[in-house]
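Asker: Take a look at this one; I'll ask things after.
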Amino acid sequence: MQASASSHPAGERTTLEGLPPRVALVLAAMGLGGLAVGFGLGLAQGDALRSFFRSYLANYCYFLSISLGALFFVTLGHATRAGWSVTTRRLAELVAANVPCLAILFLPILVTVLSGSGSLYSWNGSSAGSEDLLRHKTAYYLNPGFFAVRAVFYFAVWGWMARFFLLRSTEQDASADPALTQRMERFSPAALVLFAFTVTFASFDWLMSLEPAWFSTIFGVYYFSGATVGFLAAIILLAMLLQATGRLTSSITVEHYHDLAKLLFALVVFWGYIAFSQYMLIWYANIPEETSWYLVRQSGSWKWVSVVLLFGHLLIPFFGLLPREAKRRKAILGFWAGWLLVAHWLDLYWLVVPSLEAAGLRLGLIDAGCLVGIGGVYFAGVLWTAGTRPLVPLGDPRLEESLAFENS
Amino acid sequence: MSTPDLPADDNTANDPTRRAPLVIGRQDYASVTETVAKVAERRTCSPLWYGAFLVSSALTGVFFLLIGYLIVTGVGVWGNNIPAAWAFDIVNFVFWIGIGHAGTLISAILFLFRQKWRTSINRFAEAMTVFAVACAGIFPAIHIGRVWVVYWLAPYPNQMQIWPNFRSPLLWDVFAVSTYATVSVMFWYLGMIPDLATLRDRAGTKLRRLAYGAFALGWRGSARQWHVYERAYLFLAALATPLVLSVHSVVSFDFAVSQVPGWHTTIFPPYFVVGAIFSGFAMVIMLMVPAREFFGLKNLVTARHLENMNKILLATSCIIGYSYVMELFIAWYSGNPYERFAFMNRAFGPYAPAYWTMITCNVVVPQLMWIKKCRVTPWIMFVVAVLVNVGMWLERFVIIVSSLSRDFLPSSWGLFVPTKIDVLMLMGSFGMFFTLFLLFCRFLPIVAMAEVKQVLPHGEG
Amino acid sequence: MADAPKTAAAPEGTDGQGTDRRLVAKHGRLVVAGLLAEFPSAETLKAAAARVRDEGFTRWDVHSPFPIHGIEQAMGIRPTPLPWLVLAAGIAGGVAAIAMQWWMNAVAYPLVISGKPFFSLPANIPVVFELVVLFAALAAFGGAMALSRLPQFSHFVFRASAFGRVTTDGFFISIEAADAKFDESATRELMESLGARGVEICRESTGGRHLPKALTWGLVVVGALALLPPLGIAAARHRKSEKPRLHPIQDMDFQPKYKAQAHSALFPDGRAMRPPVPGTIAVGNLNADAHYYLGYRLKQGTGDRGQGTEAKGQTEDDREYFTTFPPQVEAKMRELMDRGQGRFNIYCAPCHGLVGEGDGMTSVRALERRDPEWQVPTSLHKPAVRGQPVGRLFNTITHGLGKMPSYAAQIPVEDRWAIVLYVRALERSQNAGSEDVPEDIRPQLR
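Respectively, the protein sequence lines represent chains A, B and C.
Sequential numbering from 0 applies to the first sequence in numbering that gives the first Met the number 0.
Sequential numbering from 0 applies to the second sequence in numbering that gives the first Met the number 0.
Sequential numbering from 0 applies to the third sequence in numbering that gives the first Met the number 0.
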């Protein structure tokens, strides 16, 4: 059976055509401008760009997590042969395929590590590796060379995977060939394995090594769980935004939002579970080499950030997303999606900055600059990736099933 | 649009343009009912059932005799000793609880994910959960030494004016396993009510009608009752899902909150949960492959169902492999000499054979499931499932005994050697499990008829 | 079998009339309870249900072997309040769990557990979670039973012969006679017009529904039996008994070990408690330094009579008393002399007198009283005493002599030597010559 484009609702705008090219340019300009402001202010601080880089890293990992969450969503959808998510899958593919942009945005971090300046990672500076405890780490793992090689590897894998899914899916728009779906399904389980390992080790390299003496086996899972929450919140808002501009108005229905919201709810709980596991086990055994990481995060003003994170990322959104109606009304769901995007940003900030600035929370213009900066460039990248492609996988054999999908 | 007719007895094709039928052989409501109900309605069983039941009840008898012997004589009849104060008792406990989790996953989690293929196997799996939890619960109760005061674990007002220590994961276990047992039984029973009503309505003898009728509670298929029923089923599924995550996480806390090298690692909770699902699915496959043959359920529990279960087996095996890699990497990365030694000891110490068998059975063997042929061939998946069960038992053994027998202080090291009682009790617990399971197959509806009818290809019936 | 309330389609007879006759015979008059209409499929059933709803029926129901998608809208069923029950129960469970753990571990019985706070929220979360789930699940299940009004073993639809198919593949609509719009023939026509392929009128007895007698009696008996334990407990709490209480949890109260005064068949003397091995010396009593501790040594050839318990075998002839003071005493003669004087005045003077002539106060008083048992204490200046070696004097203090008891318990070893020293000084003082007087005082003598 050939799925034809005629199964797709006629008359719906499915591409970004009509969107003024200005939008992408404005985003890119905002991005570069923000980064310039952040960088300039960072230089002015006179701390060898430490303030700049910690803010840069936090914001970078935030936007990276959204693309990684997207990549997971796409791969998992293929592995489980999901039908309901087909109409939203193209959006996820586009977000996931933003890897080149992310790779470019990673360059400042890479450069600073390779230069051995120690502005970001303490294992990287001139005094690194002098402690016994860290010597094996810096000798074999946390050294600039291997760090760079691994980073290249991660981006290569992510880029290749995301491109594979996007290109096959786009090819299918025209040919509607079910064999392409079979290819994507066959590749997806192995892709998931690759994804798990690359994301885990990336989080070890870029986030966990901020405190080189500290370690946690669940850290990769923690970053992953946050990434899924961030992505789902983002795609809900993205879909709502597109529908507000008159696109995809029939493809993405209240049933899809309901399912995305159910997933978001479940992943918020999953994030809470992972966060609690890590915290409680370290708290309970009370071993100083592990508790040091949390001790910083419950001292001074970081304590309040931790409390806000607990309530803002778990407890409040749990009750907010619990009612069925909350998941089906755009206004309410949009509110919670936005809330969780903020909460996820706070999570990343909380992961990065206390390890580098134990004194306390010091939000400033540098943070704003980096947020706007990286965000602007990131979204410009998404728009560029989207180009004139349809925003719905028109040739997918399960498109009809997805359009007709109804929650019971 | 027209769909080409697939052969009625093969639904393992991977055609993205249509969803594979979940019931094959041109079934309708009546034939589904007949297929399932006749298993429970046989007046006499096959000799195979009697033979299996005889063996399993004998083992059960041995099990309870040994429990009596243990209570009268003391925990010294086991090989437990300092430093390996936990051994087979806790390994068996974690093993059985883990097995139970697959049932809840199939019932609850697959339900929430709208995986309709679960309907042919969920009753079977839920029963497995209930019986596995029953076997599991025995071990912590009898390993405490003074079994006759086990009720002290419960927070009841008492004249000693003491209360349980809620800061201990051993007590969290009490609450977690009790809750899990209660919720599993309720979920299993709720699901069975309509099917018990089916058996009641078809009952040939007065005794059967009264018995099934009593437990069917007068169910009459009323839409108003179905409405409440469906909501309750959804809630129980939605509650059972985090519950199953939490129960095995709490079990993992028994180890992870300690400071023992090899135990104290933050990935334990999700790793244990995934391991539980892994071993549970292996048990379901192990039971289902012969059961669908002997009870004639091949049209309901099709090759596709088996294939899906094997895919989950493969996925969980990969996650287990991931967790092993994480533990090893972080043990190296941390530089903690005790942690590093713990893993070297596992691989090259006195229990190395157990370790390498575990790696082979848990990570290597299930990789066969990448191959489609293996996924749909019953005897292959049966062998793989048996090996996975062995591997998962060994995993708990390796974690517990290798870490305990050699922790921080070499002068405190000591080898654990199992006694005959240890081994016999493990076998006895299998006997109890299979006895209950065989009774279930004999008397209760082993497939959720009402649910399968809902997923029949449209227009049948 | 007609009175079995769970009757469904009777396999042994589809004779509704026969059933009715037996019912009448047992319970009296039958009345129409309602109507049951069978439909060929779920779709026709759903369409019919919508029509029945539109017709304004209120007391009716739809029966199927599985829940039909969309039937709630077709019937106009209001959503069940079950979600609220579950939510409330879950919250109650959470609150109860926190309150319980706080009260039990931080208020009622605070135990120090590895320095963790008495109210440790991270440690308490697992139990909170479990109780939330447990309470919510119990509410879901119990609420479902209650809201569905289960168990309900008796219902008029079970009287219909066709109804046995409902759990296999039958689709039915049932309408109660109590419904305002119910009319036996009109409603039957309506059902047939909606596509029913069979309509049955169901009758029930007017007597209403009763529990079967056997069940009622069973419940009474069980209830009565169940009352016995609490009544027994209540009675026991208000009675006194002279017997020792029941002791079911014996723990390690009765141990297979021997207690001090017990009998033992293992030993010829029958004692479980064994005396020390001959030659045992208590810690601190080795007294290897015979000169200091004993004042004598055993003569060569007396054999190893040992010390302690075996010393009883010794006689005076075996001993050789030391004639010199032990080195520890010689090292501090001056100091010990003063000490000896003090000790002598305390312990010895009451009998031997301050000068040592045997005229102590006890002796004076005993002679006054003409105590027949009294032996006058030895004068320390008798030549016999003056001739004794110092070791012998020491031994006398240690073991006593005649009427004089042993002073070993009151006077430590060093003090004994001090007393001996002073006694020698006293003896010399009463038997001195002019040459004993110091040079500078001698001229004063005449």
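The beta carbon of each residue, even a glycine, is placed where N, CA and C say it ideally should be.
Treat the numbers as computed from the prediction; the structure is a model and nothing was measured.
Which residues in chain C sit within 7 Å of A:PHE275, going by Cβ to Cβ distance?
Answerer: The answer, in chain order, is ILE124.
Asker: Can you name the residues of chain A whose CB is closer than 7 Å to the CB of B:GLU326?
Answerer: Near B:GLU326 (Cβ distances below 7 Å), the residues of chain A are THR216.
Asker: So, does the stretch 254 to 265 of chain B touch the stretch 283 to 295 of chain A, judging by three or more C-beta pairs under 8 Å?
Answerer: Yes, they touch.
Asker: Please report how far the alpha carbon of A:LEU133 lies from the alpha carbon of A:PHE154, in whole angstroms.
Answerer: Roughly 27 Å separates the two Cα atoms.
Asker: Using 7 Å as the limit for Cβ to Cβ distance, is A:ALA379 near chain B?
Answerer: No, A:ALA379 lies away from the interface with chain B (no Cβ there is under 7 Å from its Cβ).
Asker: List the residues of chain A whose Cβ lies closer than 7 Å to the Cβ of B:SER333, in chain order.
Answerer: What B:SER333 touches in chain A: PHE214.
Asker: To the nearest angstrom, report how far apart B:VAL246 and B:ALA236 are at their CA atoms.
Answerer: If you take the alpha carbons of B:VAL246 and B:ALA236, they lie about 15 Å apart.
Asker: Beta-carbon of A:PRO287 versus every beta-carbon of chain B: anything under 7 Å?
Answerer: Answer no: the Cβ-Cβ gap between A:PRO287 and chain B never drops below 7 Å.
Asker: Does A:THR180 come within less than 7 Å of chain B when only Cβ atoms are used?
Answerer: Yes - at least one Cβ of chain B is within 7 Å of the one on A:THR180.
Asker: With a floor of 4 residues, list each alpha helix (DSSP H) that falls wholly inside the stretch 220 to 292 of chain A, ordered by position along the chain.
Answerer: With a minimum length of 4 residues, the continuous alpha helix (DSSP H) runs that stay inside the stretch 220 to 292 of chain A are 253 to 284.
Asker: Mind pulling the chain B residues with CB within less than 8 Å of A:VAL220?
Answerer: Chain B residues near A:VAL220: ILE266 and PRO269.
Asker: Taking the alpha helix (DSSP H) that A:ALA91 falls in, what are its first and last residues?
Answerer: Note, A:ALA91: alpha helix (DSSP H), 85 to 95.
Asker: Taking 7 Å as the threshold (C-beta atoms), are C:LYS298 and C:GLU319 in contact?
Answerer: For C:GLU319 and C:LYS298, yes; Cβs fall inside 7 Å.
Asker: Specify the secondary structure class of B:GLU450 as computed by DSSP and reduced to three states.
Answerer: Three-state result, B:GLU450: helix.
Asker: Can you find a CB in chain A that lies within less than 7 Å of the CB of B:ALA19?
Answerer: No, B:ALA19 lies away from the interface with chain A (no Cβ there is under 7 Å from its Cβ).
Asker: Using the beta-carbon count (16 or more within 10 Å), is C:GLU309 buried or exposed?
Answerer: Note on C:GLU309: pLDDT 46, under 50, position unreliable in the model; no value is reported.
Asker: Give me, in chain order, the residues of the same chain whose beta-carbon lies closer than 8 Å to that of A:PRO52; leave out the 5 immediate sequence neighbours on both sides.
Answerer: The identity of residue 52 of chain A in the sequence shown is Phe, whereas the question assumes Pro. Contacts found: GLY41, PRO107, ILE108, THR111, SER118 and LEU119.
Asker: Give the residues of chain C in contact with A:MET279, contact being defined as C-beta atoms less than 9 Å apart.
Answerer: Within chain C, the residues near A:MET279 are PRO121, ALA122, ILE124 and PRO125.
Asker: Would you report the Cα separation of B:ILE445 and B:VAL324, rounded to the nearest angstrom?
Answerer: Distance between the alpha carbons of B:ILE445 and B:VAL324 is about 39 Å.
Asker: What three-state label does DSSP hand C:GLU309 in the structure shown?
Answerer: Note that C:GLU309 scores 46 on pLDDT, short of 50, meaning its location in the model is unreliable and no value can be drawn from it.
Asker: If we ignore side chains and look at the alpha-carbon of each, how far apart do B:PHE165 and B:TYR179 end up?
Answerer: The straight-line gap from Cα to Cα measures roughly 18 Å.
Asker: State yes or no: is the C-beta of B:VAL382 within less than 7 Å of the C-beta of B:MET357?
Answerer: No, Cβ-Cβ distance for B:VAL382 and B:MET357 is not below 7 Å.
Asker: For A:TYR293, which residues in chain C fall below 7 Å Cβ to Cβ?
Answerer: Per Cβ cutoff of 7 Å: no residues; A:TYR293 is ~11 Å from chain C at best.
Asker: Using a C-beta to C-beta distance shorter than 8 Å, which residues of chain C count as neighbours of A:TRP349?
Answerer: Within chain C, no residue comes near A:TRP349; the closest Cβ sits about 18 Å away, beyond 8 Å.
Asker: Tell me whether A:HIS255 is buried or exposed, calling it buried when 16 or more other Cβ atoms sit within 10 Å of its Cβ.
Answerer: So A:HIS255 counts as buried.
Asker: With distances taken from CA atoms, which of A:THR169, A:LEU370 and A:CYS369 is nearest A:VAL85?
Answerer: Per the Cα distances, A:THR169.
Asker: If you scan the stretch 262 to 343 of chain C from start to end, which runs of the alpha helix (DSSP H) of 4 or more residues do you find wholly inside it?
Answerer: Listed in chain order, they are 289 to 292, 326 to 329 and 332 to 342.
Asker: List the residues of chain C that B:ALA231 touches, going by C-beta distances under 8 Å, in chain order.
Answerer: Within chain C, the residues near B:ALA231 are LEU81, ALA139, PHE140, GLY142 and ALA143.
Asker: Listed from N- to C-terminal order along the chain, which residues in the stretch 151 to 162 of chain B have their beta-carbon within a distance smaller than 8 Å of any beta-carbon of chain C?
Answerer: Those residues of the stretch 151 to 162 of chain B that come within reach of chain C (Cβ to Cβ, closer than 8 Å) are PRO154, GLN160, ILE161 and TRP162.
Asker: Please state whether DSSP places B:ASP172 in a helix, a strand or coil.
Answerer: Reduced to three states, the DSSP call for B:ASP172 is helix.
Asker: Straight-line CA distance for C:ASP182 to C:ILE200?
Answerer: The alpha-carbon atoms of C:ASP182 and C:ILE200 are separated by roughly 11 Å.
Asker: Does the distance from the C-beta atom of A:GLY319 to that of A:GLY30 stay below 7 Å?
Answerer: For A:GLY319 and A:GLY30, no; Cβs fall outside 7 Å.
Asker: Between C:GLY307 and the rest of its own chain, which residues show a CB-CB distance below 6 Å, the 5 nearest in sequence each way excluded?
Answerer: Residue placement at C:GLY307 is flagged as unreliable, the pLDDT there being 49, under the threshold of 50; the coordinate-derived value follows with that caveat. So the list reads ILE280, once near-sequence residues are dropped.
Asker: Kindly indicate which residue of A:TYR221, A:LEU308, A:ALA43 and A:ALA173 has the alpha-carbon position closest to the one of A:ARG388.
Answerer: Looking at the Cα atoms, A:ALA173 is the closest of the given residues.
Asker: Return the CA-CA distance between A:GLN1 and A:GLY68, expressed in angstroms with no decimal places.
Answerer: Residue placement at A:GLN1 is poorly supported in this model, since its pLDDT is 40, which falls under 50; the coordinates are not used for a value here.
Asker: Hey, how far is the Cα of A:LEU71 from the Cα of A:VAL151?
Answerer: The sequence given here has Phe at residue 71 of chain A, not Leu. For A:PHE71 and A:VAL151, the distance between alpha carbons rounds to 20 Å.
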